[in-house]
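A.B. asks: Line order of the protein sequences matches chains Z and L.
1 is the number of the first residue of the first sequence in my numbering; add one for each residue after it.
1001 is the number of the first residue of the second sequence in my numbering; add one for each residue after it.
Using N, Cα and C, we set each Cβ at its ideal position, and we do this for glycine too.
Since we're looking at a predicted model, the values are computed, not measured.
Dropping the structure in here first, questions after.
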Amino acid sequence: MAYNDHAADAHDHDAHDHKPHGWRRWVYATNHKDIGTMYLVFAGISFFIGGSMAMLIRLELFKPGMQFLDPQFFNSMTTMHALEMIFGAVMPAWTGLANWMIPMQVGAPDMALPRLNNFSFWILPFAFTLLLATLFVPGGGPAGGWTMYPPLMLQGGAGFPMTIFAIHMMGISSILGAINVVVTIMNLRAPGMTLLRMPLFVWTWLITAYLLIAVMPVLAGAVTMLLTDHFFGTTFFTAAGGGDPVMFQHIFWFFGHPEVYILILPAFGIVSEIIPTFSRKPLFGYEAMVYATASIAFLSFIVWAHHMFTVGMPLAGQLFFMLSTMLIAIPTGVKVFNWTATMYKGSLSFEPPMLFALSFLFLFTIGGLSGLMLAIVPADYQYQDTYFVVAHFHYVLVPGAVFAIMGGIYYWLPKWTGNMYDQTLAKWHFWLSTIFVNVLFFPQHFLGLAGMPRRIPDYAVQFTDWNQVSSIGGFAFGLSQFLFPYIIWKCVRGGVRIGNRAWEGAHGLEWELPSPPPFHSWTEPPSLALIQRGAAH
Amino acid sequence: MMRKILSQSAAVAALGMSLLPAAHADSGWGLLNMTQGVTAMSRQIYGLHMLMFWLCVGIAVVVFGVMFYSIFTFRKSKGAVPDTTLVHSTTVEIIWTILPIAILVATAVPAATTLIKTEDLRNSQLTIRATGFQWGWNYEYLNSGVNFFSRLDRASDAARQLGSGIDVTTVPHYLLNVDKPLVVPVGTKVRMLLTANDVIHSWWVPAFGVKKDAIPGFVNEAWFDIDADKPGLYRGNCAELCGRDHGFMPIVVDARSPEDFKAWLAAEQTAEHPPAADASAPAASAPSN
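The structure is reproduced here in structure tokens:
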């Protein structure tokens, strides 16, 4: 088709592509890319808000003795930091990436349910405004930990019902987002895009979406019971009325353990995209990767009580949860081995996305190994609720989930903008992040083993040295993160133009589209040849 | 067999630790690892911890070794050509599934054996009930009438206030000292009954390898048996977030010889139930003076 032939049609075509401009483009957004962008911006803002709370925590813990914060405010900082980072930063970042990439990767024009998509995003700013507003009401923000264990949580002030309402809204948003992902993947795949040709990011997100739909209602139920215990005289979790405070923990962790896989499975997907690209070699053991992801998702439902080995469970229960937890090491090991085998006999280059993926590979493995140690119940009696646990889950969540998100953004940003970003600056961002994340979290292993409990605003003086190292690492890590929005902003504003395929070794349908891609990604389904070229595994 | 493995791994651990930079083991930079503790159980837990630690180090060395080898060998900048046919191997997948299963089974056995022992509460010789509250502990020696509260000591409490102006490094055992410690005999199987009267707390003394939640409305059990030759003061903390002053809720255990303990208990009984002052009930056991 020559352009001239369609000069007359061009206007119609434009009309078809018509989108509102200015603020209406965002408030009324139904386009998957616009909504994906909003999710990512929202996640970035939450990352800095949650991060500034972490900075306050590390500031108070720089020295023994209370210097800056009231202990109650300190507790609300640890609680809010977790809620901001989990529900405000990591989960919306994954949904943002899903919005941007899934339609492009499966050969669809958009997400299946665009208006629902708009709604599920716009719930979030209200939910988090409400959550942050608790800091300014009598009694302050929630201070019982993000795990919200009763009876402590029931002692909350005016912020208590606000927190619960905020969590309900976040849960609704997540469920709607997950439904959209499932429907898009199930119904909008291009002809020929069979399930076992889908990119692993799509696969891991499909499984994540099912986990979300399964467990977010469980969380909603748990917090609703807290609410009725507090306001309507029920005694679900109050022993004096025949209830059971430990039951909350069982319900919470039945949500909470799949939740940690909700945070990490899409990371597995992204790393499975990046490593083959920069190894110039297809993913090793594609099907094994899919089955391992599904196994991890299944196991995530039967290991919850390993978070509560010290509550006094029967011996048989402790044995069961120890053994089922150890089983998770097997599919996780399969994934790590397959990524390693992908690099073996490849042709590696080290652009920023690959650097972040490699950092993920090493540091997530460290977090996985400390997780294996935590599974051993008698040893867990010594680890439980110490900084060893803090080190463990930050290793899997920061250089795990967060680095994978950053790697994913560095991987696809040229596709989204059509411009290559400043790779030198991005490498600075990578090295500063990787070095200081270890300075920040590695000493916390020592602190925990030496006996420092978690969630304390002050500590015995023998813990001073490693806490200072950790705090210095924290401040440096925090400062380094300002490079990230700067690099993105600079790239959005301009840069070296790139073609369809931003990276030499990249495969997949998104790289067959122009950079930046058209407003409606695949208005016509991609051909079978394109699909097969993308799914070269 | 298992005990041998555990003691060996503890020995290996000690060797490994000795290679680390020399430092005082009980302060600052030298605080790198779990304490071996002063009970047979805490040493067994330590052995298990070190077994898992070295296993993880071994796995990490192998896996990271292959990763680093690949990263340094198969570089495009060194002219590496990708072998794009190397994408699947059922044999390899089976090997790296079976091998971890074997390792896990091998570690599950000592873990389960130790766990079963921690749950064996038979033949205890002394029972103490600890009740957590916001923020301290109440200890009751069952059937003896001795019952007292144990809270953060005054010196720590004064120093820990926001803007107290007190240099906390000058406070002895800052945040790890109480006004009245729990006193127990060494060489005795002591059973702890743990509960709470407001929110959930957790009773943790690292040197005993004991951490158990104290939950309102429920009674949990735990036990320890301190080595007969290791009387002394052992310190721990509440390990479950319990509100504003969770970080200021230490546990101190004063382990004494059984004779000293008996004398202490008798003195406590006298102090708590002083002999009646009126002449109609002269206390036979009251010391005359």
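Which class does Z/L449 belong to by DSSP, given the choice of helix, strand or coil?
C.D. replies: Numbered from its first residue, the first sequence carries residue 449 of chain Z at position 449. Reduced to three states, the DSSP call for Z/L449 is helix.
A.B. asks: By the criterion of Cβ-Cβ separation under 9 Å, what are the contact partners of L/R1129 in chain Z?
C.D. replies: Along the second sequence, read from residue 1 onward, the residue named residue 1129 of chain L stands at position 129. By Cβ distance, chain Z contributes nothing, its closest Cβ being about 14 Å from L/R1129, past 9 Å.
A.B. asks: Inspect the CB distances between the region 40-60 of chain Z and the region 76-84 of chain Z and report whether three or more fall short of 8 Å.
C.D. replies: yes
A.B. asks: What's the gap between the Cα of Z/L361 and the Cα of L/M1052?
C.D. replies: The sequence position of residue 361 of chain Z within the first sequence is 361, counting from 1. The sequence position of residue 1052 of chain L within the second sequence is 52, counting from 1. If I take the Cα positions, the gap works out to 21 Å.
A.B. asks: What runs of the beta strand (DSSP E), each 3 residues or longer, lie entirely inside the region 141-166 of chain Z?
C.D. replies: none
A.B. asks: Considering L/S1070, what are the terminal residues of the alpha helix (DSSP H) in which it resides?
C.D. replies: Residue 1070 of chain L sits at position 70 when you count from the first residue of the second sequence. That run of the alpha helix (DSSP H) goes 1040-1073.
A.B. asks: Would you call the CB atoms of L/V1190 and L/D1153 closer than 8 Å?
C.D. replies: The sequence position of residue 1190 of chain L within the second sequence is 190, counting from 1. The sequence position of residue 1153 of chain L within the second sequence is 153, counting from 1. Cβ atoms of L/V1190 and L/D1153: not closer than 8 Å.
A.B. asks: Between L/N1197 and chain Z, is there a C-beta pair that is closer than 8 Å?
C.D. replies: Counted from its first residue, the second sequence places residue 1197 of chain L at position 197. L/N1197 does not count as touching chain Z.
A.B. asks: Would you say Z/M420 faces chain L, with C-beta separation under 8 Å as the test?
C.D. replies: Reading the first sequence from its first residue, position 420 is the one you call residue 420 of chain Z. Nearest CB-CB separation between Z/M420 and chain L: not below the 8 Å threshold.
A.B. asks: What residues in its chain sit with their C-beta under 6 Å from that of Z/V181, if we drop five residues either side in the sequence?
C.D. replies: As a first step, residue 181 of chain Z must be located in the first sequence, where it is residue number 181. Cβ neighbours of Z/V181 beyond the five flanking positions: A98, W205, A209.
A.B. asks: Using CA coordinates, which residue listed in L/R1151, L/Q1161, L/A1108, L/I1071 is at the minimum distance from L/H1049?
C.D. replies: What you label residue 1049 of chain L is simply residue 49 of the second sequence in a count that begins at 1. The shortest C-alpha separation from L/H1049 is found at L/A1108.
A.B. asks: Hey, quick one: how far does the alpha helix (DSSP H) through L/R1244 stretch, first residue to last?
C.D. replies: Here residue 1244 of chain L is taken as the residue at index 244 of the second sequence, counted from 1. Annotation: L/R1244 is outside any alpha helix (DSSP H) and is labelled neither H nor E by DSSP.
A.B. asks: Which one of L/G1145, L/P1216, L/H1201 has the shortest CA to CA distance from L/G1236?
C.D. replies: Sequence index remark: in the second sequence, residue 1236 of chain L carries index 236 (1-based). With distances taken between Cα atoms, L/G1236 lies closest to L/H1201.
A.B. asks: With a cut-off of 8 Å on the beta carbons, I'd call Z/S52 and Z/A143 a contact; round off their distance for me.
C.D. replies: Looking up residue 52 of chain Z in the first sequence gives position 52. Looking up residue 143 of chain Z in the first sequence gives position 143. With a Cβ gap of about 17 Å, Z/S52 and Z/A143 do not count as contacting.
A.B. asks: L/L1031 and Z/Q462 - do their beta-carbons sit closer together than 8 Å?
C.D. replies: The residue you call residue 462 of chain Z lines up with position 462 of the first sequence. The residue you call residue 1031 of chain L lines up with position 31 of the second sequence. Yes. Within cutoff.
A.B. asks: Look at L/L978 and Z/R24 and say whether their C-beta atoms are less than 8 Å apart.
C.D. replies: With chain L covering 1001 to 1289 only, the question about residue 978 of chain L has no answer from this structure.
A.B. asks: Just the C-alpha distance for Z/A29 and Z/I435, rounded to the nearest angstrom, thanks.
C.D. replies: As a working mapping, residue 29 of chain Z is identified with position 29 in the first sequence. As a working mapping, residue 435 of chain Z is identified with position 435 in the first sequence. Those two C-alpha atoms are separated by around 39 Å.
A.B. asks: Verify whether the separation of the beta carbon atoms of Z/L219 and Z/G171 is less than 8 Å.
C.D. replies: Taking the first residue of the first sequence as 1, we reach residue 219 of chain Z at position 219. Taking the first residue of the first sequence as 1, we reach residue 171 of chain Z at position 171. Yes, these two residues count as a Cβ contact at 8 Å.
A.B. asks: Identify each residue in the region 1199-1227 of chain L for which the Cβ-Cβ distance to at least one residue of chain Z is less than 8 Å, and report them in chain order.
C.D. replies: V1199, I1200, S1202, W1204, P1206, G1209, V1210, K1211, K1212, D1213, I1215, P1216, G1217, F1218, N1220, E1221
A.B. asks: Can you find the residues in the same chain that come closer than 6 Å, C-beta to C-beta, to Z/R189, ignoring five residues on each side of it along the sequence?
C.D. replies: Position 189 of the first sequence, counted from the first residue, corresponds to residue 189 of chain Z. Same-chain partners within the cutoff: V106.
A.B. asks: Three-state secondary structure (DSSP) at Z/K335?
C.D. replies: As a working mapping, residue 335 of chain Z is identified with position 335 in the first sequence. Correct three-state label for Z/K335: helix.
A.B. asks: Does the beta-carbon of L/P1100 have 16 or more other beta-carbons within 10 angstroms, so that it is buried, or is it exposed?
C.D. replies: For the purposes of this step, residue 1100 of chain L is identified with residue 100 of the second sequence, where counting begins at 1. By the 10 Å Cβ count, L/P1100 comes out buried.
A.B. asks: Is L/Y1234 helix, strand or coil by DSSP?
C.D. replies: Here residue 1234 of chain L refers to the residue found at position 234 of the second sequence. Three-state DSSP puts L/Y1234 in a strand.
A.B. asks: By the criterion of Cβ-Cβ separation under 7 Å, what are the contact partners of L/M1034 in chain Z?
C.D. replies: On the second sequence, position 34 is the one that residue 1034 of chain L refers to. Here the neighbours are Q382, L449.
A.B. asks: Helix, strand or coil for Z/A190 per DSSP?
C.D. replies: Here residue 190 of chain Z refers to the residue found at position 190 of the first sequence. Note: Z/A190 maps to coil in three-state DSSP.
A.B. asks: Identify the contact partners of Z/T228 in chain L, using a Cβ-Cβ distance below 8 Å as the criterion.
C.D. replies: The sequence position of residue 228 of chain Z within the first sequence is 228, counting from 1. Residues of chain L passing the Cβ test: none, with the nearest at roughly 18 Å.
A.B. asks: Enumerate, from N- to C-terminal direction, the unbroken alpha helix (DSSP H) stretches of 4 or more residues contained entirely within the region 233-300 of chain Z.
C.D. replies: 245-279, 286-299
A.B. asks: Less than 8 Å between CB atoms is the rule here; does Z/F236 satisfy it with respect to chain L?
C.D. replies: One-based indexing of the first sequence puts residue 236 of chain Z at position 236. Output row for Z/F236: interface = no.
A.B. asks: For L/H1273, does the count of other Cβ atoms within 10 angstroms reach 16, so buried, or fall short, so exposed?
C.D. replies: Taking the second sequence and counting its residues from 1, the one referred to as residue 1273 of chain L is at position 273. Classification of L/H1273: exposed, given that the 10 Å Cβ count is below 16.
A.B. asks: Hey, Z/S295 and Z/L211: beta-carbon distance below 8 Å or not?
C.D. replies: Numbered from its first residue, the first sequence carries residue 295 of chain Z at position 295. Numbered from its first residue, the first sequence carries residue 211 of chain Z at position 211. For Z/S295 and Z/L211, no; Cβs fall outside 8 Å.
A.B. asks: Using C-beta distances below 7 Å, list every residue in its chain close to Z/V202, excluding the 5 sequence neighbours before and after it, in chain order.
C.D. replies: Start at 1 with the first residue of the first sequence, and residue 202 of chain Z comes out as number 202. Within the same chain, Z/V202 has close Cβ partners I102, Q105, V106, I185.
A.B. asks: Given a cut-off of 8 Å on the beta-carbon distance, is the pair L/E1268 and Z/L315 in contact?
C.D. replies: Position 268 of the second sequence, counted from the start, is the residue given in the question as residue 1268 of chain L. Position 315 of the first sequence, counted from the start, is the residue given in the question as residue 315 of chain Z. It is not a contact, given that the beta carbons lie outside the stated cut-off.
A.B. asks: Which bits of chain Z does L/R1043 rub up against, with CB to CB less than 7 Å?
C.D. replies: Reading the second sequence from its first residue, position 43 is the one you call residue 1043 of chain L. The contacting residues do not exist; L/R1043 stays about 11 Å from chain Z at best.
A.B. asks: Hey, out of L/A1263, L/W1203, L/D1260, whose CA is closest to L/W1137's CA?
C.D. replies: For the purposes of this step, residue 1137 of chain L is taken as residue 137 along the second sequence, with counting starting at 1. Of the candidates L/A1263, L/W1203, L/D1260, the one whose C-alpha sits nearest the C-alpha of L/W1137 is L/W1203.
A.B. asks: Classify L/H1024: buried if its beta carbon has 16 or more other beta carbons within 10 angstroms, exposed otherwise.
C.D. replies: Reading the second sequence from its first residue, position 24 is the one you call residue 1024 of chain L. Legend: pLDDT at L/H1024 = 46, less than 50; position of this residue unreliable, no value from coordinates given.
A.B. asks: What does L/K1076 reach in chain Z if we use C-beta pairs closer than 8 Å?
C.D. replies: Here residue 1076 of chain L corresponds to residue number 76 of the second sequence, with the count starting at 1. Going along chain Z in sequence order, the residues near L/K1076 (Cβ under 8 Å) are R280, S347, L348, S349.
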